[in-house]
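These protein sequence lines are chains A and B, in that order.
Going by the working numbering, the first residue of the first sequence is number 21, and it counts up by one from there.
Going by the working numbering, the first residue of the second sequence is number 21, and it counts up by one from there.
Even for Gly, the Cβ is constructed at its ideal location relative to N, Cα and C.
Note that this is a predicted model, so its numbers are computed, not measured.
What follows is a short report on a single structure.
There are 2 protein chains.
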Amino acid sequence: MCCVQLITVDDITAAGERVANVVVRTPLLPFPDSTPERTFWLKPENLQPVGAFKIRGAYNAVAQLPQRSRSSGVVAYSSGNHAQAVAYAAKVFGIPATIVLPDSAPAVKVDATRKHGAEVIKVPMAERESRAHQLVEQRGAMLIPPFDHPDVIAGQGTIGLEIAEDLPDVEVVLIPISGGGLASGIGTAIRARCPRARVYGVEPELAADAAESFRAGELVHWPSERRARTIADGLRAEPSDLTLAHLRAVLDGILTVSEDEIRMAMATLIKKTRTIVEPAGAVAAAAYLYRAAELPAGRTVAVVSGGNIDPDLLTAIWMQNGATGGSAW
Amino acid sequence: MCCVQLITVDDITAAGERVANVVVRTPLLPFPDSTPERTFWLKPENLQPVGAFKIRGAYNAVAQLPQRSRSSGVVAYSSGNHAQAVAYAAKVFGIPATIVLPDSAPAVKVDATRKHGAEVIKVPMAERESRAHQLVEQRGAMLIPPFDHPDVIAGQGTIGLEIAEDLPDVEVVLIPISGGGLASGIGTAIRARCPRARVYGVEPELAADAAESFRAGELVHWPSERRARTIADGLRAEPSDLTLAHLRAVLDGILTVSEDEIRMAMATLIKKTRTIVEPAGAVAAAAYLYRAAELPAGRTVAVVSGGNIDPDLLTAIWMQNGATGGSAW
Numbered sequence: 021m022c023c024v025q026l027i028t029v030d031d032i033t034a035a036g037e038r039v040a041n042v043v044v045r046t047p048l049l050p051f052p053d054s055t056p057e058r059t060f061w062l063k064p065e066n067l068q069p070v071g072a073f074k075i076r077g078a079y080n081a082v083a084q085l086p087q088r089s090r091s092s093g094v095v096a097y098s099s100g101n102h103a104q105a106v107a108y109a110a111k112v113f114g115i116p117a118t119i120v121l122p123d124s125a126p127a128v129k130v131d132a133t134r135k136h137g138a139e140v141i142k143v144p145m146a147e148r149e150s151r152a153h154q155l156v157e158q159r160g161a162m163l164i165p166p167f168d169h170p171d172v173i174a175g176q177g178t179i180g181l182e183i184a185e186d187l188p189d190v191e192v193v194l195i196p197i198s199g200g201g202l203a204s205g206i207g208t209a210i211r212a213r214c215p216r217a218r219v220y221g222v223e224p225e226l227a228a229d230a231a232e233s234f235r236a237g238e239l240v241h242w243p244s245e246r247r248a249r250t251i252a253d254g255l256r257a258e259p260s261d262l263t264l265a266h267l268r269a270v271l272d273g274i275l276t277v278s279e280d281e282i283r284m285a286m287a288t289l290i291k292k293t294r295t296i297v298e299p300a301g302a303v304a305a306a307a308y309l310y311r312a313a314e315l316p317a318g319r320t321v322a323v324v325s326g327g328n329i330d331p332d333l334l335t336a337i338w339m340q341n342g343a344t345g346g347s348a349w
Numbered sequence: 021m022c023c024v025q026l027i028t029v030d031d032i033t034a035a036g037e038r039v040a041n042v043v044v045r046t047p048l049l050p051f052p053d054s055t056p057e058r059t060f061w062l063k064p065e066n067l068q069p070v071g072a073f074k075i076r077g078a079y080n081a082v083a084q085l086p087q088r089s090r091s092s093g094v095v096a097y098s099s100g101n102h103a104q105a106v107a108y109a110a111k112v113f114g115i116p117a118t119i120v121l122p123d124s125a126p127a128v129k130v131d132a133t134r135k136h137g138a139e140v141i142k143v144p145m146a147e148r149e150s151r152a153h154q155l156v157e158q159r160g161a162m163l164i165p166p167f168d169h170p171d172v173i174a175g176q177g178t179i180g181l182e183i184a185e186d187l188p189d190v191e192v193v194l195i196p197i198s199g200g201g202l203a204s205g206i207g208t209a210i211r212a213r214c215p216r217a218r219v220y221g222v223e224p225e226l227a228a229d230a231a232e233s234f235r236a237g238e239l240v241h242w243p244s245e246r247r248a249r250t251i252a253d254g255l256r257a258e259p260s261d262l263t264l265a266h267l268r269a270v271l272d273g274i275l276t277v278s279e280d281e282i283r284m285a286m287a288t289l290i291k292k293t294r295t296i297v298e299p300a301g302a303v304a305a306a307a308y309l310y311r312a313a314e315l316p317a318g319r320t321v322a323v324v325s326g327g328n329i330d331p332d333l334l335t336a337i338w339m340q341n342g343a344t345g346g347s348a349w
């Protein structure tokens, strides 16, 4: 880890200028039931184009492709929100995008990616990464990784600049952790702009590999089957050397929340902020709602990372946790 | 109508300064499926505290109460979003608020209003207005009407200033109409700041009294039972002399949409913008989606007025129009 170079707030500021015309400047939404001691706001990145914060990092990376390389295009092999973000960003620049998806990917995701003009290549799950690297070599295309890249981290960090701008005296910032790019970027921005704020990552208990790595001070690998147990399909990746180095430099800790807490928080956010949240998007709010004892008091912001959820799952969670008339809207 | 005084963009600018610290600065959300000829954005006022644009007008009115009158408090007799907005605004200033509700009001609305610290007085529906005026006389309290007041109209107009700031070359603006305060305010702002833009009101066919009044050039009364047929419970009021004068001065026309179009638009907005929309909040988007032939082309903004919907109704509309996996998220 001696040679890992951390990004700086200047990298994030430069990213902010690049993404300004494409990214929605999300407001802080006041949470209606918070107390004066723990006033609470949501940063609703589920309102972004493609429904997730991923557009920030992907766009910041694509925007820095040298002009001579643009015709060779970009490649991504995420099957989640990052793939659509890369396709979307490439479309804005008129750059060809190739997205490698597992052949098990649902038609709705394939369609959504194609809709942004990307070429979709379906391969067996185990071949995704190798096929993507093959495309990079064959075509001279640039691989845009979902989190393990300074430009991607800097792009996600623009959320932190906006939080600092809208609430300069923020005291607690809660951020979902998967690969760790989001928390690395936001944490870097908050450390620089609001040095007195505490910054925490939040993971599902069932995919708490980053929490374990953070405590151990080195990457602790959890097999993908173990991480896949959580309902939060957006939080099943694991940190890299690059992101863990950032997390250790900028976070005060990593909390975990249970699956039930994630489901309850989803229904609460739908009702109280009137936005649709995917399971990964609800974990930071779940920490505020159900893990108060593990957090300092004060003005708190939770990042809602995304809102891309299978309609059937949304229906099920809503019917179980939110649809009853008894709970006030 | 000779003596009706229209508000000006200066009134709205002043309102904008008053409300800035309480109102969420809502962004324009790009609609993913719009065409280059008719690029489309939503202005999501369902993200406001109290879940609707009403906080803007109510707060602007309450903020202008003379200091000596504040201890006497404010009164409102809306049973909808306006009542909660007045209660919320009064709470911010520490002013007593009394909300007169029909004794048929659902417990969830009574609770929500009380939660903001307001006193709730329940009376038979027919006595709401007289009881409110009685309170005004007895207590010296100020009545904050839902739309028939220049300060309320100016507050709602701040949405127009924000649209003009974020999209100066907007070409078409679509606004729900009930009592007409929202369209009066936004229309005034857009006329001043984007004089080339066309501005349209949108009503349900089943409560198209404002459309008829607009064409007739004078108030045409529809009995409340007739207006009550629409699912859009937020659009069952009728314009006043004050708002009709504004509408005639600033609108290019008033379109109507069907009940089915409202339901389909609600499900579409939930999916495409990941926000919860009440029926009234969906009519402007429904005009864009289903009445294109009646509208000019160009960069279009639809105002989503609110997101306060009974959970059971939301469930029903979602299950009928949105929950199927077939339609892409």
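Cβ distance (whole Å) where VAL156/B is taken to contact VAL140/B below 8 Å
At roughly 17 Å, the Cβ-Cβ gap does not stay under 8 Å, so VAL156/B and VAL140/B are not in contact.
With a 10 Å radius around its C-beta and 16 neighbouring C-beta atoms as the bar for buried, classify GLU37/A as buried or exposed.
Around the CB of GLU37/A, fewer than 16 other CB atoms lie within 10 Å, so the residue is classed as exposed.
Go to ALA230/A, then tell me how far its beta strand (DSSP E) extends in each direction, as first and last residue.
Looking at the DSSP string, ALA230/A is not in any beta strand (DSSP E); the run it does join, the alpha helix (DSSP H), is 229-236.
Nearest residue (CA-CA) to VAL192/A, options VAL222/A, ASN41/A and GLY175/A
When only C-alpha atoms are compared, the closest one is VAL222/A.
Just to check my reading of the structure: ILE115/A and VAL94/A have Cβ atoms closer than 8 Å, yes? What is that Cβ distance to the nearest angstrom?
Yes, ILE115/A and VAL94/A are in contact; Cβ-Cβ is about 6 Å, under 8 Å.
List the residues of chain A whose Cβ lies closer than 7 Å to the Cβ of TRP242/B, in chain order.
None at all; the shortest Cβ gap to chain A is about 28 Å.
Assigned secondary structure, ILE274/B (DSSP; H/G/I helix, E/B strand, else coil)
If DSSP states are grouped into helix, strand and coil, ILE274/B belongs with the strands.
If you draw a straight line from the C-alpha of PRO86/B to the C-alpha of ALA117/B, how long is it?
Approximately 15 Å between the Cα atoms of the pair.
Contact between the stretch 146-161 of chain B and the stretch 329-344 of chain A (3+ Cβ pairs under 8 Å):
Touching, no.
Please go through the same chain and pick out, in chain order, the residues whose beta-carbon is closer than 8 Å to the beta-carbon of LEU187/A, but skip the five residues on each side of it.
Here LEU187/A has LEU48, TRP61, ARG319 and VAL321 as same chain residues with Cβ atoms under 8 Å from its own Cβ, once five neighbours each way along the sequence are excluded.
Would a C-beta distance cut-off of 7 Å place GLN208/A and GLY177/A closer than the cut-off?
Looking at the sequence shown, residue 208/A is not Gln but Thr. Yes, the pair counts as a contact, with Cβ atoms nearer than the cut-off.
For a contact meaning CB atoms closer than 7 Å, what does VAL140/B contact in chain A?
Correct list: empty, because the minimum Cβ distance to chain A is about 14 Å.
Please classify ALA306/B: does DSSP put it in a helix, a strand, or coil?
The DSSP-derived three-state label of ALA306/B is helix.
By the 9 Å beta-carbon criterion, what residues does the stretch 49-65 of chain B contribute toward chain A?
If the cut-off is 9 Å between Cβ atoms, the stretch 49-65 of chain B has LEU49, PRO50, PRO52, ASP53 and PRO64 near chain A.
Exposed unless 16 or more other CB atoms sit within 10 angstroms - verdict on VAL323/A:
Flag for VAL323/A reads buried.
Run through DSSP, which three-state label would ARG311/B get?
For ARG311/B, the secondary structure class from DSSP, reduced to helix, strand or coil, is coil.
Got a sec: does the ligand HEM put a non-hydrogen atom nearer than 6 Å to the Cβ of SER54/A?
Although the ligand HEM was asked about, the structure shown includes no ligands whatsoever.
Mind pulling the alpha helix (DSSP H) runs of 4 or more residues that sit fully within the stretch 139-195 of chain A?
Within the stretch 139-195 of chain A, the alpha helix (DSSP H) runs of at least 4 residues that lie entirely inside it are, in chain order, 148-159 and 170-186.
List the residues of chain B whose Cβ lies closer than 8 Å to the Cβ of GLY327/A, in chain order.
Listed along chain B, the residues sitting closer than 8 Å to GLY327/A by beta-carbon distance are ARG294.
Counting C-beta neighbours from all protein chains within 10 Å, is the total for ASP31/B 16 or more, i.e. buried, or is it exposed?
Buried, because 16 or more other Cβ atoms sit within 10 Å of the Cβ of ASP31/B.
Spell out whether any CB of chain B is found under 7 Å from the CB atom of PRO224/A.
No - not a single Cβ of chain B is within 7 Å of the one on PRO224/A.
Reference VAL297/B; option with closest CA among VAL270/B, LEU334/B and ALA317/B
For VAL297/B, the nearest C-alpha among the options comes from LEU334/B.
Anticipated Cβ contact below 8 Å, LEU194/B with ALA304/B, distance rounded
Contact holds; Cβ gap of about 4 Å.
Considering only residues of the stretch 28-55 of chain B, which uninterrupted alpha helix (DSSP H) runs meet the minimum length of 4 residues and lie entirely inside it, listed in chain order?
Those alpha helix (DSSP H) runs which fall completely within the stretch 28-55 of chain B and span 4+ residues are 29-39.
Of the residues ARG294/A, THR295/A and THR288/A, which one's Cα is nearest the Cα of ALA307/A?
Nearest of ARG294/A, THR295/A and THR288/A to ALA307/A, Cα basis: THR288/A.
Between GLY71/B and chain A, is the shortest Cβ-Cβ distance under 7 Å, so that the two count as touching?
It does; some Cβ of chain A falls within 7 Å.
Candidates PRO224/A, GLY200/A and ARG218/A: closest to GLU281/A by CA position:
Nearest Cα to GLU281/A within the set PRO224/A, GLY200/A and ARG218/A: PRO224/A.
Following the continuous alpha helix (DSSP H) through GLY205/B, name the residue where it begins and the one where it ends.
For GLY205/B, the enclosing alpha helix (DSSP H) starts and ends at 201-213.
Between which two residues does the alpha helix (DSSP H) containing GLU245/A stretch?
Here the alpha helix (DSSP H) through GLU245/A covers 244-247.
As a quick exercise: from PRO56/A, ARG134/A and GLY301/A, pick the residue whose alpha carbon is nearest that of ASP53/B.
Nearest option by C-alpha distance: ARG134/A.
By alpha-carbon positions, which one of ALA127/B, VAL42/B and VAL190/B ends up nearest to PRO316/B?
Minimum Cα distance to PRO316/B is reached at VAL190/B.
Limits of the beta strand (DSSP E) - the one that THR295/B falls within:
Premise fails: THR295/B is in no beta strand (DSSP E) and is neither H nor E.
Since PRO47/A meets chain B, which of its residues come closer than 8 Å, beta carbon to beta carbon?
Going along chain B in sequence order, the residues near PRO47/A (Cβ under 8 Å) are VAL44, ARG45, THR46, PRO47 and LEU67.
Alpha carbon to alpha carbon, how far is ASP123/A from TYR97/A?
C-alpha separation (whole angstroms): 12 Å.
Tell me whether the beta-carbon of ILE206/B lies closer than 7 Å to the beta-carbon of ILE173/B.
When the beta-carbon positions are compared, ILE206/B and ILE173/B stay at least 7 Å from each other.
I need the DSSP call for PHE113/B, collapsed to helix, strand or coil.
Taken through DSSP and simplified to helix, strand or coil, PHE113/B comes out as helix.
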